[in-house]
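Asker: Starting off with a structure, shown below.
Shown next as structure tokens:
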């Protein structure tokens, strides 16, 4: 029997490198699934812009993990 996927509604998820590429696509999908997403990126303005564009209460934060 197949497992039911776990609901992401209301879950809080942090994404590093979320302003572009795979991170942005992941953030967009997670917001569509009802998650609250924190988008961290070394380019703070890009992270904030991504958060505004995808909506859903996403926030963009400065983050440098180097």
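Numbering (the working numbering), first residue to last: 3 to 68.
We put the CB at the ideal spot given by N, CA and C, even for glycine.
#1: Have a look at residue 51 and residue 5 and give me their C-alpha separation to the nearest angstrom.
#2: Spatial neighbours of residue 33 within its chain, please: CB distance less than 6 Å, with the 5 preceding and 5 following residues excluded, ordered by chain position.
#3: Label residue 66 either buried or exposed according to how many other C-beta atoms from any shown protein chain fall within 10 Å of its C-beta, with 16 as the threshold for buried.
#4: What are the complete alpha helix (DSSP H) segments, minimum 4 residues, inside the segment 10-34?
#5: For residue 42, which residues of its own chain have a beta-carbon under 7 Å away from its beta-carbon, when the five flanking residues on both sides are left out?
#6: Comparing alpha-carbon positions, which option in 12, 68, 8 and 7 lies nearest residue 37?
Answerer: Short version:
#1: The residue you call residue 51 lines up with position 49 of the chain shown. The residue you call residue 5 lines up with position 3 of the chain shown. Answer to the nearest angstrom: the Cα atoms are 36 Å apart.
#2: Position 31 of the chain shown, counted from the first residue, corresponds to residue 33. Closer than 6 Å at Cβ, skipping near neighbours: 39, 56, 58 and 60.
#3: Counting from one through the chain shown, the residue named residue 66 turns up at place 64. Exposed is the call here.
#4: 23-34
#5: Here residue 42 is taken as the residue at index 40 of the chain shown, counted from 1. Closer than 7 Å at Cβ, skipping near neighbours: 16, 17, 18, 20, 49, 63 and 65.
#6: For the purposes of this step, residue 37 is taken as the residue at position 35 of the chain shown. Among 12, 68, 8 and 7, the Cα nearest to that of residue 37 is on 12.
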